[in-house]
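Worksheet for the structure shown next.
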Amino acid sequence: MARMAPLAYLDRALKTVTDLGIKTPPPEDEPITGLLDQIADIDPDKVTVIGRTLAEASTFNEIVRNEVAAMEIGERYNDIVGAFNSIRKDAKSLVDQLEDGKISSFERVNNVWMKVVRGDVADRFDTIRKTYKAVAKETKNQIQREHKILNAYRDYRGAYKQAQVLSMEVLEKATAKLSDAKTALKEASDTVGKYAGKSPAERAELEMQRDEKLGAMMTEDKRYQIAKDLGDNLTIGYNTSEIIMTRLLQTTSAKERVYAQAVSFFSTNEAVLTALKASFTGMFGLHESTKTLEAMKKGVSDSLDTLSEVGDAVTEEALKAGYGPTVRADAVKKLVDSV
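Residue 17 is where the sequence shown starts when you use this note's numbering, and the numbers rise one by one after that.
Here is the structure:
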């Protein structure tokens, strides 16, 4: 299988981040740069790719920390809980008002205040529906964005893995150079040990060559250790991030599952929500109709009672006026007495 071109993973990850509108700061000089400079001549191209990949590590880690951590749905579910609670509370309050068969002035004021503050029951069911749809829409957008960010990070981890492979190849070359340096030092040391001549100058020259080989070997050993540490740490870092990445993907998958369940639940139970809305609204309407009918019955009954009481008095007066004397006897008597 052909290997992807150097930096292909990294370039693809950076493009994804750019397409998302996330600004990436220019890479800063990292402490690792100085160490890489010491092994650059072992394989300049590969060390450059490793350096470029590690330079973007902080950028991608910061993006994942900030962007994924910021994807919160908030606490709007409390609005839904509060709306349902208020509907149930008001329904129970209505039943309590009916227990004594009348509505006091305080209860009337409380009912008006309920509508002003919390709105009609139908409006509150509409609020529940709107809140759910707003949360569902935002959740979907956030999941899509989260997937893109995680894909970008996955590409970066591909670049990280590629850097690990390259570091192993650099280590192989560093190992070969160290082996050559050790061989050269051994040969120089053996030459000094086997020297049987009498010339102090020649012996000193051989010792100087041996010391140069020793210095070269120590330099290669240092470079070998840098290459080895680099490869080991890239391996550890990649394996550790793989575990964390798996955990992060599990969280994202769980969020997707919750979103799918929420959409499925609402879509299949919207009829239930509509029925609840109609039932509660109808119940409040029934309460108003019942109290209106009772008020009409009471009004008619009271009117009949009043009519009965007032009618008796009026009839009595009418009978007296119709069948009684036209002129009062005392008035006639007074007139006769005065003549």
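All residues carry an ideal CB built from backbone N, CA and C; glycine is no exception.
Judged by DSSP in its simplified three-state form, SER215 adopts coil rather than helix or strand. Measuring C-alpha to C-alpha distances from ARG170 to each of GLU325, LYS350, ASP27, LYS189 identifies ASP27 as the nearest. Taking C-beta separations shorter than 8 Å and ignoring five residues to either side along the sequence, the partners of ILE79 in its chain run VAL33, ILE38, THR40, ILE165, ALA168, TYR169, following chain order. Bounds of the alpha helix (DSSP H) holding PRO60 are 60-71. With the rule of 3 Cβ pairs closer than 8 Å, the stretch 226-237 does not count as touching the stretch 95-109. If you ignore the 5 residues before and after THR331, its C-beta comes within less than 7 Å of no other C-beta in its own chain.
Under the 10 Å beta carbon count, GLY247 is surrounded by 16 or more other beta carbons and is classified as buried. In this structure, ALA243 and VAL186 form a Cβ contact; the two beta carbons are roughly 5 Å apart against a cut-off of 8 Å. DSSP places ASP27 inside the alpha helix (DSSP H), whose first and last residues are 24-35. If you keep only unbroken alpha helix (DSSP H) runs of at least 4 residues inside the stretch 218-295, you get nothing at all. Contact check for LEU194 against GLU236 passes: the beta carbons are separated by less than 9 Å. The C-beta distance from ILE48 to LEU70 rounds to 5 Å, short enough to fall under 8 Å.
In the displayed model, ILE103 falls within a helix according to three-state DSSP.
In this structure, THR199 sits away from LEU222, with a CB-CB distance that is not shorter than 9 Å. When DSSP states are grouped into helix, strand and coil, ILE159 belongs to the helix group.
Per DSSP, reduced to three states, the secondary structure at ILE79 is helical. For ASP53, the enclosing alpha helix (DSSP H) stretches over residues 48-55. Looking at LYS177, ARG239, ARG140, LEU250, the one whose alpha-carbon comes closest to that of GLY50 is ARG239. By the criterion of a C-beta distance shorter than 7 Å, VAL63 is surrounded in its chain by LEU52, ILE55, ALA56, VAL186, once the five residues flanking it on both sides are discounted. Around the beta carbon of LEU309, fewer than 16 other beta carbons sit within 10 angstroms, so the residue counts as exposed. The DSSP-derived three-state label of LYS39 is coil. Only buried fits MET233, as 16 or more other CB atoms lie within 10 angstroms of its CB. At a Cβ-Cβ threshold of 9 Å, ALA29 and TYR254 do not count as neighbours.
The alpha-carbon separation between ALA24 and GLU258 amounts to approximately 20 Å. The C-beta separation of LEU182 from ILE66 comes to about 6 Å, placing the pair in contact by the 8 Å criterion. Apart from sequence neighbours up to five positions away, the residues of its chain that approach GLU218 with a beta-carbon distance below 8 Å are TYR211, ordered along the chain.
In the assembly as shown, PHE281 is an exposed residue. Its beta-carbon has fewer than 16 other beta-carbons within 10 Å. About 6 Å separates the beta carbon of ARG140 from that of ILE103, a gap short enough to meet the 8 Å contact definition. The closest CA to that of ILE260, considering only THR322, ASN77, LEU36, is found on ASN77.
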